[in-house]
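Undergrad: Residue numbers (the working numbering), protein chains in the order written: chain Z, 1 to 264; chain H, 1001 to 1478. A virtual CB, placed ideally from N, CA and C, is assigned to each residue, including glycine. Pasting in a structure now, in structure tokens, and then I'll have a few things to ask.
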């Protein structure tokens, strides 16, 4: 799907950072990395009070809760020039599915469409809107990149993270096989159908290891926690990080699933 | 009489499938072959994406005017000397076929591949009436020998490997030399061909499915790769087509447009090897053809999908691309879905046909990765429709109590940002504290569906929102 049109932004756009509930709760450092990348690109960033975009409810068939959470998000975020999330899945929920949630409501659908139109996944916002050509970061090693499903298929996120990663000093990108295939996370699917999810993430972990890369990167924390959890269970020493951490050069925090230094 | 439905036991079916080594090996082939061939075929044709749009539009138009086109088609079938039998239910469809077979005293019928035949359990009905059905598509022939349902809509025996087929052939073809060599796939093919050749000649009635019914000419169309369909419908005196109502397209031109995306999406071929058009029975002067041509047209709940969230599903042209690209199908194979239609298309269609109370697992067993929709030749929004089924299940309280409870608990907090911030700070603080030594959890009481198979990474501690506000306050103080 083609990325939506990026009309030229104000020189210092006001951006609302939607950290996403997983980053907020599990890995705050990704939020700080996104914040740094956005500020380095010239944005004035704010973090409005937020909880969740409502995707778990939406995908579980609980439309009423999904609508309530969407409205809460819209109200908190509609006053900004852009809404940016370090997640293709959550950005996709807002951009593709918020308008769907308010079909037939002439007032709310307009507000939903307005927020949808200015919502972006982090790396595509940096490249397609802010025209960032390179980041100033230095991370030594080889990395492989997993294309998370919603970012890839709902928002057309594919080239943007690779373009930025290419500018990271010392980093080499090695593509794995089947990098566009689902990791088996699927939100509540990973718990409801754990056994099937395990079979799918097992194949993904195999492809990651086979690539020979020391680091696995992706743009969605859900997928990353799933793959990191599988690699760790299998005793594979691959460092798993959100792409924003590497792009911001903020790799001092331990990777996903690894304890802080000195804790052992 | 409907074929045995095990969709309610989807999870148990899946568990068995996941440890079935030959199945897993066969699914590995699907994962590679079908996907690569489709990609190559699509890339070679610059207008492929445009053709998908036009295939979608043709089917949409036909569905919007389904009554008109079905009536026109019936008139044209009749004009060509054929007979149309309308069947509201599977029962009526079986009765229509049986009535034709009984009238001509049929003892054996040959059959081309037809998913409608599977849907209405036609073979069971024929056998009960003392008529021997013989499947002539190689894959269908193999699963008939094994008493199985197809595991894929275009490759019914895709779950099997050559060794399994060899042992079935040795078990059933006892009239052949037990010492014969069947180690090569081509030897299996030759043996099946030899056995089937006699059956073709002996059949009283030939039954085929249809890929299209063409309104302007009253024609039915089948596409095959083995030529078995042609022998099935030309050699016996009677040809019976069984098809469902949504197979209708207005014109020959429309059918040929859709044919350009069908085989490419299915097998990566530009066209299937045989595309056979049938219009009425043999005419005076025709070199061959049946004396009678019948079409049994099945509704079986489809007309009630019109005008609902599921109407788009009726565009489906049964290419199988959705299951070929589905990570869940790759993991568990077709039989786990528990009825005739597997994969993403089955996850949407089966609840419509057998009820969401029975097929409720199917639309839930999806990661919503969206790959099915991205390859569907008629652009059916499969994930969106699976979600519509989930909404109906939620409304009817069919979703599991644990899921509903968890969702209600979570949404209570998510809708109250102040309380949410407090609760998550405390919760994540505790979780981080417990996980601080290892950085992960090997088991968690409330997420065993996760931790049984994977470690759960420990949170870093503190929430982003709290840490962000703390940093800002410090910044302001400086």
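1) Nearest chain H C-beta to residue 239 of chain Z closer than 8 Å, yes or no?
2) With a threshold of 6 Å on Cβ separation, who are the neighbours of residue 1565 of chain H within its own chain once the five nearest residues in sequence on each side are excluded?
3) Compare the C-alpha of residue 187 of chain Z against each of Z/142, Z/158, Z/93, Z/85 and name the closest.
4) Could you work out which residue in H/1159, H/1008, H/1154 is closest to residue 1209 of chain H when comparing CA atoms only?
5) Have a look at H/1271, H/1274, H/1290 and flag the residue whose alpha-carbon is nearest the alpha-carbon of residue 1280 of chain H.
6) So for residue 215 of chain Z, helix, strand or coil by DSSP?
7) Tell me residue 85 of chain Z's beta-bridge partners as DSSP assigns them.
8) Taking C-beta pairs closer than 9 Å, name the residues in chain Z that residue 1220 of chain H reaches, listed in chain order.
9) So residue 1302 of chain H packs on residue 1245 of chain H, CB below 8 Å; how close in whole Å?
10) CB-CB under 6 Å to residue 243 of chain Z, same chain, minus the five flanking residues each way: which ones, in chain order?
11) Given a cut-off of 8 Å on the beta-carbon distance, is the pair residue 200 of chain Z and residue 225 of chain Z in contact?
12) Between the C-alpha atoms of residue 1135 of chain H and residue 1235 of chain H, what's the straight-line distance to the nearest angstrom?
13) Please confirm if residue 1450 of chain H has its CB atom under 8 Å from at least one CB of chain Z.
14) Would you kindly work out how many angstroms separate the C-alpha atoms of residue 1410 of chain H and residue 58 of chain Z, rounded to a whole number?
15) Could you pull out every unbroken alpha helix (DSSP H) segment of at least 4 residues lying fully inside the stretch 1343-1384 of chain H, listed in chain order?
16) Closest to residue 1227 of chain H by C-alpha separation, out of H/1354, H/1137, H/1019, H/1277, would be which residue?
17) Who pairs with residue 16 of chain Z in a beta bridge, going by DSSP?
18) Sorry if obvious, but does the Cβ on residue 1448 of chain H come closer than 7 Å to a heavy atom of the ligand ADP?
19) Compare the C-beta of residue 43 of chain Z with all C-beta atoms of chain H and state if any pair is closer than 8 Å.
20) Under a three-way DSSP split, which group does residue 249 of chain Z fall into?
21) Would you decide whether residue 1238 of chain H is buried or exposed? Buried here means 16 or more other CB atoms lie within 10 Å of its CB.
22) Relative to chain H, which residues along the stretch 218-229 of chain Z have a C-beta separation below 8 Å, given in chain order?
23) Give the DSSP-derived three-state secondary structure of residue 2 of chain Z in the structure shown.
24) Tell me the DSSP bridge mates of residue 169 of chain Z?
25) Taking 8 Å as the CB-CB limit, is residue 1006 of chain H close to chain Z?
26) For residue 1220 of chain H versus residue 1241 of chain H, is the C-beta distance shorter than 8 Å?
27) Kindly identify the DSSP beta-bridge partner or partners of residue 1087 of chain H.
28) Please state whether DSSP places residue 1152 of chain H in a helix, a strand or coil.
29) Verify whether the separation of the beta carbon atoms of residue 191 of chain Z and residue 1449 of chain H is less than 8 Å.
30) Spatial neighbours of residue 1299 of chain H within its chain, please: CB distance less than 6 Å, with the 5 preceding and 5 following residues excluded, ordered by chain position.
31) Hey, how far is the Cα of residue 1098 of chain H from the Cα of residue 1147 of chain H?
32) Which parts of the stretch 1184-1251 of chain H are runs of the alpha helix (DSSP H), unbroken and 4 residues or longer, counting only runs that do not cross its ends?
33) State the DSSP-derived secondary structure class of residue 97 of chain Z, mapped to helix, strand or coil.
34) Using a Cβ distance threshold of 8 Å, determine whether the stretch 1058-1068 of chain H contacts the stretch 1269-1286 of chain H, with at least three qualifying pairs required.
35) Is the shortest distance between the beta-carbon of residue 207 of chain Z and the beta-carbons of chain H less than 8 Å?
36) Return helix, strand or coil for residue 203 of chain Z, following the three-state DSSP convention.
TA: The structure says:
1) no
2) Chain H is shown only over 1001 to 1478; residue 1565 of chain H falls outside these bounds and no answer can be derived.
3) Z/93
4) H/1154
5) H/1290
6) strand
7) Z/121
8) Residues of chain Z passing the Cβ test: none, with the nearest at roughly 36 Å.
9) 6 Å
10) 161, 217, 219
11) no
12) 15 Å
13) yes
14) 13 Å
15) 1343-1354, 1356-1359, 1361-1364, 1371-1375
16) H/1137
17) Z/46, Z/83
18) The ligand ADP is not part of the structure shown, which contains no ligands of any sort.
19) no
20) coil
21) buried
22) 225, 226, 228, 229
23) Bear in mind that the predicted position of residue 2 of chain Z carries a pLDDT of just 45, short of 50, making it unreliable; the figure below should be weighed with that in mind. Residue 2 of chain Z falls in the coil class under three-state DSSP.
24) Z/138
25) no
26) yes
27) H/1298
28) coil
29) yes
30) 1088, 1245
31) 21 Å
32) 1185-1202, 1228-1234
33) helix
34) no
35) no
36) helix
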